[in-house]
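In the working numbering, the protein residues as written are 1035 to 1470.
Every residue, glycine too, gets a C-beta built ideally from N, C-alpha and C.
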């Protein structure tokens, strides 16, 4: 009887009333009490470059630039409207110049330095110059390279203007002053989600940590890399590198909870408070470093064995790996990258007359995947095998290929909430009139 009383106003799944309510919710915009969001935004992009190779002989000079414009259109389901009820636009532009020259000291020794600089500007943010430089030293079969560069990433339109209010769940807010005012964050502050959860456990309001709205800025990066590439013993090709990148003002987001009417006691109950996912810049620096090596060895009878391995790890200012659940407490980074990856390939383009094959094993480490709205989780490691057989039809100047990706149909997902991928099998015919 109690269960029946509790369900008296609940629509039974599959019933006519349930289907009508579902269709009405799916058809109506969130601004009208429904569940539908509208995203009909446009992006206009133009870019150009010019190489002065015909005008300047003693060095290589390239200049270029770009212009980009976003015309937002969501009818208030994702972004707010201007005071005149028009949609917001976002304009960006940039220009760059690059200088390079090769200095040959002998037939077997040369040095090629390259210098570049660019300027980029978003209409809502300060512009900035980013210099870059690299040098490549070639000595016979050996190549050494080193580079240092600065760059930055502009916040996306969503990072700037998101105003996606969800009365029953997590709402997303952009990082501009306009959005902070629309959400009343100056007059009615929000508090970090972690401190609110502690407040609910202890009942002590002194544990609350207040959010001070800050205007989102461009993300900056300073990176350097060294690498080595060579062919050894006429059979072994090696390419190795190491890099280190320092990010400041890293664009991320963090969860906060705001009392509905400005009273901290309202934070004790989810029904009297609002959860926000706010786009912001992380206060501490983010360090990403990695290395990789690739080798290819020529075996007898035209067989080739190749392998590569890549390692990459990110850490926050406290030294905590970004690929760890604890890292999100100081702001999600959406690093979403495996720490280890490896491939091994065995192939022969002429295992028999006109016949070739390749066999590849791929492996990827588990990944801490930050999704934001739908939660964060570990994505399991996975491995796959790809195979392909090819046959050359020389009379028809064509190649027939039969193969499969993920040959054993082992289902895996590359990210949390993404579709699981199985095997892909194919038969292709390629015509090449230059085939011999």
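- Around the beta-carbon of residue 1403, 16 or more other beta-carbon atoms lie within 10 Å, marking it buried.
- Annotated three-state conformation of residue 1244 is strand, per DSSP.
- Taking the Cβ atoms as the reference, residue 1195 lies roughly 5 angstroms from residue 1208, within the contact range of under 8 angstroms.
- DSSP places residue 1386 outside any alpha helix (DSSP H); the residue lies instead in the beta strand (DSSP E), whose first and last residues are 1374–1386.
- Residue 1165 and residue 1150 have their C-alpha atoms some 6 angstroms from each other.
- Within the stretch 1115–1192, the runs of beta strand (DSSP E) that reach at least 3 residues and sit entirely inside it are, in chain order, 1123–1134, 1137–1140, 1143–1156, 1162–1173 and 1176–1187.
- DSSP, reduced to helix, strand and coil, places residue 1445 outside both helices and strands of the structure shown, so it counts as coil.
- Within the stretch 1290–1340, the runs of beta strand (DSSP E) at least 3 residues long that lie entirely inside it are, in chain order, 1307–1315 and 1320–1332.
- Our two residues, residue 1356 and residue 1063, have alpha carbons roughly 36 angstroms apart in a direct line.
- In terms of CA proximity to residue 1457, 1421 leads the group 1331, 1421, 1429 and 1435.
- Under the three-state reduction of DSSP output, residue 1249 falls in the coil class, being neither helix nor strand.
- A direct Cα-Cα distance of roughly 20 angstroms separates residue 1432 from residue 1438.
- Between residue 1152 and residue 1134, the beta carbon gap of about 15 angstroms keeps them out of contact (Cβ cut-off 8 angstroms).
- With fewer than 16 other Cβ atoms inside 10 Å of its own Cβ, residue 1243 counts as exposed.
- Per DSSP, reduced to three states, the secondary structure at residue 1213 is helical.
- Taking all protein chains in view, the Cβ of residue 1283 is crowded by 16 or more other Cβ atoms within 10 Å, so the residue is classified as buried.
- Judged by their CB atoms, residue 1069 and residue 1059 are nearer to each other than the 8 angstroms cut-off.
- Taking all protein chains shown into account, residue 1247 has 16 or more neighbouring C-beta atoms within 10 Å of its C-beta and is therefore buried.
- Of 1373, 1267 and 1065, the smallest CA-CA separation from residue 1322 is found for 1373.
- Here DSSP, grouped into helix, strand and coil, assigns residue 1356 to coil.
- For residue 1271, the uninterrupted beta strand (DSSP E) run begins and ends at 1270–1282, by DSSP.
- The DSSP-derived three-state label of residue 1195 is helix.
- The way I'd put it, the stretch 1137–1147 doesn't touch the stretch 1103–1113; fewer than three beta-carbon pairs between them come closer than 8 angstroms.
- A straight-line Cα-Cα distance of about 25 angstroms links residue 1314 and residue 1065.
- Residue 1257 is bridged by DSSP to 1183 and 1279.
- DSSP places residue 1396 in the strand class (E or B) of the three-state scheme.
- With respect to the C-alpha of residue 1127, the residue from 1154, 1143 and 1107 having the closest C-alpha is 1154.
- Counted as a single uninterrupted DSSP element, the beta strand (DSSP E) harbouring residue 1401 occupies residues 1401–1404.
- Judged by their CB atoms, residue 1341 and residue 1377 are nearer to each other than the 8 angstroms cut-off.
- Assigned with DSSP and collapsed to three states, residue 1048 falls in coil, not helix or strand.
- In this chain, residue 1413 is not harboured by any alpha helix (DSSP H); it is covered by the beta strand (DSSP E) spanning 1410–1413.
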